[in-house]
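What follows is one structure encoded as structure tokens, with my remarks underneath.
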Amino acid sequence: MSQAAKTLTHTSPFLPRFMAWVQERFPIAHGALFLVLFAAAAVTGSAATGPGPIALDLPRLGLGFLGAWSFFLMLRVFDEHKDFERDRQNHPHRVLQRGLITLGHLKAVGAVAIGAQLLASLVADGGVGAATLSWGGVMLWSALMAREFGVGPWLEKRLVLYAVSHMVVMPMAITWMALIGSQGEWVTTGLPWLALMAFCAGAAFEVTRKTRAPQEERETVDSYARSLGLRGASVAIITFLVIGAAGQLMLLQTLTPEPLGVGWIAAVIGLLVPPLVAVARFVAAPSVRRRKRNEAAVSLAMLGGYAVVVAPLLVERGVAWV
Numbered sequence: 002m003s004q005a006a007k008t009l010t011h012t013s014p015f016l017p018r019f020m021a022w023v024q025e026r027f028p029i030a031h032g033a034l035f036l037v038l039f040a041a042a043a044v045t046g047s048a049a050t051g052p053g054p055i056a057l058d059l060p061r062l063g064l065g066f067l068g069a070w071s072f073f074l075m076l077r078v079f080d081e082h083k084d085f086e087r088d089r090q091n092h093p094h095r096v097l098q099r100g101l102i103t104l105g106h107l108k109a110v111g112a113v114a115i116g117a118q119l120l121a122s123l124v125a126d127g128g129v130g131a132a133t134l135s136w137g138g139v140m141l142w143s144a145l146m147a148r149e150f151g152v153g154p155w156l157e158k159r160l161v162l163y164a165v166s167h168m169v170v171m172p173m174a175i176t177w178m179a180l181i182g183s184q185g186e187w188v189t190t191g192l193p194w195l196a197l198m199a200f201c202a203g204a205a206f207e208v209t210r211k212t213r214a215p216q217e218e219r220e221t222v223d224s225y226a227r228s229l230g231l232r233g234a235s236v237a238i239i240t241f242l243v244i245g246a247a248g249q250l251m252l253l254q255t256l257t258p259e260p261l262g263v264g265w266i267a268a269v270i271g272l273l274v275p276p277l278v279a280v281a282r283f284v285a286a287p288s289v290r291r292r293k294r295n296e297a298a299v300s301l302a303m304l305g306g307y308a309v310v311v312a313p314l315l316v317e318r319g320v321a322w323v
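This note's numbering numbers the first residue of the sequence shown as 2 and each following residue consecutively.
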């Protein structure tokens with residue numbers, strides 16, 4: 002909890018209370034990752050429409066990014082509702098659990114976020130088309146996730162299945178974002194590889210953030226170190242990273258006109274090194290400090306991975322500003 006949040010009370014102005022929640026649960030700095038992720042999806046979608054320079058319409062893409070950012074905000078709002086009682090037990094110090102903002106406030110935020118996504122989809126399509134229909138599928142799955150597919154108590158006891166069911170939304174969402182980039186044209190070229198990359202990146206981060214050092218373990222908090230063992234969880238992280246990188250290479254090879262250059266291949270492989278080293282060191286001597294390094298290394302690998310989708314496609318294909 003930040004020092005500013007500690008001084009807030011129920012009588013403090015609403016905006017500082019809301020921004021304390023944002024800082025705690027949906028940091029604005031995360032927008033950098035969302036921006037690069039959306040850029041990778043949008044550039045892929047545009048590249049998939051055909052050969053030649055990649056068409057970029059900045060106003061539409063700007064609105065598309067607002068929709069993508071709003072999607073992740075919506076997921077956070079859904080999670081805050083879904084996990085409210087558990088978080089009240091495990092994290093009573095949080096802004097929401099202290100009552101500084103309420104679930105009612107977050108419902109309003111979620112409604113605005115959903116509206117922004119719909120608007121971005123409709124503008125990309127020029128009406129109802131591929132992006133809007135794809136978004137409808139994303140929304141349906143997100144709503145099912147929010148309700149734990151109607152089997153919450155059963156699913157929560159099966160951490161791996163729980164994670165897979167929730168990670169499915171990532172390939173669906175990045176496909177929707179790619180269709181915003183294609184300006185509503187139905188495209189498929191390269192998208193399965195992009196979807197695989199998104200699933201693996203999300204899964205690697207999910208396992209990383211819930212693989213804690215032994216001294217951090219709490220019986221009431223989910224842990225892959227406890228369910229898979231420390232080595233098993235670490236192997237899962239590495240496996241997801243490697244498969245994701247393979248999918249990234251296939252994506253780039255599919256959408257670039259010439260065989261992929263050695264420099265781009267080296268960049269993709271090189272991004273794996275820091276998280277692999279961090280995870281290996283954590284397994285050798287688990288600690289809170291090394292767990293935090295794991296999260297940082299995997300996050301940077303995700304950011305770099307999406308950037309090394311945008312850069313090769315734009316460099317190798319060129320850009321046509323619309």
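We treat Cβ as the ideally placed atom computed from N, Cα and C, and that holds for glycine. These figures come from a predicted structure and were not determined experimentally.
Taking buried to mean at least 16 other C-beta atoms within 10 Å of its own C-beta, is residue i buried or exposed?
i	result
Thr-12	exposed
Gly-324	Lying before the first or after the last residue shown, residue 324 is absent from the chain, which here runs from 2 to 323.
Leu-68	As written in the sequence, residue 68 is Gly, which differs from the Leu given in the question. It counts as buried.
Gln-216	exposed
Ala-49	buried
Measure the CB-CB distance between residue i and residue j and report whether it falls below 8 Å.
i	j	result
Leu-256	Gly-191	yes
Thr-133	Ser-122	yes
Ala-204	Phe-150	no
Thr-45	Ala-179	yes
Leu-273	Ala-302	yes
Leu-277	Ile-244	no
Ser-47	Ser-183	yes
Val-280	Arg-232	no
Ala-21	Leu-101	yes
Ala-298	Pro-275	yes
Gly-65	Ala-125	yes
Gly-185	Ala-131	yes
Pro-159	Glu-296	According to the sequence provided, residue 159 is Arg. The question's Pro does not apply to it. No.
Phe-72	Ala-174	yes
Ala-114	Met-75	yes
Glu-81	Leu-59	no
Leu-195	Leu-261	no
Ala-164	Phe-79	no
Val-96	Ala-6	yes
Closest to residue i by CA distance: which of the options is it?
i	options	result
Ser-135	Ala-286, Arg-95, Gly-111, Trp-177	Trp-177
Lys-83	Ile-266, Gly-153, Ile-55, Gln-254	Gly-153
Leu-332	Ala-112, Val-110, His-167	For the chain, the structure presents residues 2 to 323; residue 332 sits outside this window and is missing.
Val-311	Ala-42, Thr-10, Phe-19	Ala-42
Leu-34	Ala-196, Ala-202, Val-23	Ala-202
Arg-18	Arg-148, Trp-194, Phe-79, Gln-98	Gln-98
Ala-226	Thr-212, Glu-220, Arg-219	Thr-212
Let me check one thing: in DSSP terms, what residues is residue i bridge-paired to?
i	result
Val-320	Ile-55
Taking the straight line between their C-alpha atoms, what separation do you get for residue i and residue j?
i	j	result
Gly-63	Leu-57	11 Å
Gly-116	Arg-77	16 Å
Val-161	Ser-224	10 Å
Ala-321	Gly-137	30 Å
Ala-268	Ser-235	23 Å
Leu-314	Leu-304	16 Å
Val-323	Gln-24	36 Å
Glu-220	Tyr-307	35 Å
Phe-15	Pro-258	53 Å
Gly-127	Phe-85	38 Å
Ile-270	Leu-250	9 Å
His-324	Val-208	Residue 324 lies beyond the residue range present for the chain, which begins at 2 and ends at 323; the question has no answer from this structure.
Pro-193	Arg-61	24 Å
Val-222	Thr-8	27 Å
Ala-54	Val-129	For the sequence presented, residue 54 should be read as Pro rather than Ala. Using only the alpha carbons, I get a separation of about 26 Å.
Val-289	Val-169	29 Å
Ala-286	Arg-292	10 Å
What do you reckon, is the C-beta of residue i under 7 Å from a heavy atom of the ligand MN?
i	result
Met-303	This structure lacks the ligand MN, and indeed carries no ligand of any kind.
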